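Residue numbers (my numbering): 20 to 361.
Only one structure is covered here, and it is reproduced in the block below.
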Ligand SMILES: [Zn+2]
Ligand SMILES: [Zn+2]
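Dropping the structure here:
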């Protein structure tokens, strides 16, 4: 039996999009739609209806904004404070909209705030040569790179412009929401400074994408930092959470259903990446490029829609083996990078 099967899912009912679903006296769950195969994101409110803190916002889409407007009117909600767990559009996408429309305060981590502003600024820009070079070295074909360049800058269209100033939250901070203390815990590997929130008193962990019950969060490399080692960062972050979180904590994740079994899930995630690394090392008896290793890492079809994610994840695992001293890499005369056991 795999680890996910042993998790407990104590809340039977999954809310419809755009309604409040009570978790306990302090916390409500709101689900919003996403236009992708992962079709929803979970958002959490903490506090009383006239002075709420909202953790994550949904994507900057017309439908999501309408759902928000209806909910706010129907339930008479006031959002005093918006917190983003990380800079991905499904989480931070409407933070700027809330601040502009409702005058809320806004907090997130410094690195993710800056990176979100940077990526949003790419919209309308030409594709940098560094990015083309990066995907060429990974082994992508000219046609594949062309389809990437057509989508370049898409990020800014699904994130409302961020507020020009923000409150910085960082690892180890203790914030008070509605009379309860929440510990801020950062994590790396999914983004550079993802924040999650643990209340010992409520025994609740709002995990963003740092801990999900059934899917393994994307851990990949992008052209902005080709030599990064996010898989090792991710494994370290999982180990850190293992030390902090009680076994019976209720995890409120960014996707999927609330669950109990953080320790089992964290161990399974670490094992998942270590197994991938072992399998990857095995097939590198003969030289391979990043695009040649998809079969080992993914059990789904890789096509144009997920090629960039798959390439980034493959490179992340290859870099991890490289930094562990287990493989070497070399560029050929066509500017393609080949990896092989050392
Ligand atoms: Zn994310
Ligand atoms: Zn997400």
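The beta-carbon is built from N, C-alpha and C at its ideal position, and this holds for glycine as well.
Bear in mind that the values here come from a model prediction, so they are computed numbers and not experimental data.
How is residue 209 classed by DSSP in three states: helix, strand or coil?
coil
Closest by C-alpha distance to residue 102, when choosing among 181, 75 and 215
Taking only the C-alpha atoms, the option nearest residue 102 is 75.
Taking just the CA atoms, how far does residue 350 sit from residue 298?
The alpha-carbon atoms of residue 298 and residue 350 are separated by roughly 23 Å.
When 280, 85 and 45 are compared against residue 69, the one with the closest alpha-carbon:
45
Are the CB atoms of residue 138 and residue 106 nearer to each other than 9 Å?
yes
Suppose contacts are defined by Cβ-Cβ distances below 9 Å. Is residue 234 in contact with residue 275 by that definition?
Closer than 9 Å, so yes.
Closer than 8 Å: residue 60 CB and nearest ligand 2 heavy atom
yes
Could you pull the start and end residues of the beta strand (DSSP E) that residue 271 belongs to?
Taken as a continuous stretch (DSSP letters only), the beta strand (DSSP E) holding residue 271 covers 269-272.
Reference residue 111; option with closest CA among 92, 87, 132 and 265:
Considering only alpha carbons, the answer is 132.
Do the CB positions of residue 358 and residue 306 come within less than 9 Å of each other?
yes
Measuring only the C-alpha atoms, how far is residue 258 from residue 211?
Each residue's alpha carbon lies about 16 Å from the other.
Do you know how far the Cα of residue 121 is from the Cα of residue 98?
7 Å
Out of 331, 67 and 173, point me to the one whose CA is closest to residue 244's CA.
331
Please state whether DSSP places residue 312 in a helix, a strand or coil.
Correct three-state label for residue 312: coil.
Flag residue 109 as yes when its Cβ comes closer than 8 Å to any non-hydrogen atom of ligand 1, and as no otherwise.
yes
Which one or two residues does DSSP pair with residue 357 in a beta bridge?
349
Where do the N-terminal and C-terminal ends of the alpha helix (DSSP H) with residue 293 fall, by residue?
281-302 is the extent of the alpha helix (DSSP H) around residue 293.
Based on the DSSP secondary-structure assignment, which residues constitute the bridge partners of residue 179?
Looking at the DSSP output, residue 179 shares a beta bridge with no other residue.
Paired residues, beta bridge with residue 215 - DSSP:
204
Simplified DSSP state of residue 266, which is helix, strand or coil:
When DSSP states are grouped into helix, strand and coil, residue 266 belongs to the coil group.
Under 9 Å, do residue 38 and residue 108 count as touching if we go by C-beta distance?
Not in contact: residue 38 and residue 108 (Cβ atoms no closer than 9 Å).
When the distance is taken between beta carbons, is residue 48 closer than 9 Å to residue 271?
yes
Three-way DSSP call (helix, strand, coil) for residue 27 in this model:
Strand at residue 27.
Residue 149: buried (16+ other C-beta within 10 angstroms of its C-beta) or exposed?
exposed
On a Cα-Cα basis, can you pick out the residue from 117, 115 and 160 that is closest to residue 322?
When the alpha-carbon of residue 322 is set against those of 117, 115 and 160, the nearest one is in 160.
May I ask you to verify whether the region 281-299 touches the region 248-267, counting CB pairs closer than 8 Å and requiring at least 3?
Here the region 281-299 lies against the region 248-267, with 3 or more beta-carbon pairs under 8 Å apart.
Can you tell me whether residue 273 sits near ligand 1, meaning its C-beta is under 8 Å from at least one heavy atom of the ligand?
Flag set: Cβ of residue 273 near ligand 1.
Same chain, Cβ closer than 7 Å to residue 238, five either side skipped, listed in chain order:
208, 209, 249, 250, 253, 332 and 335
To test your reading of the DSSP string, which unbroken beta strand (DSSP E) runs of 3 or more residues are found completely within the region 127-196?
193-196
Which one of 53, 135, 158 and 273 has the shortest CA to CA distance from residue 181?
135
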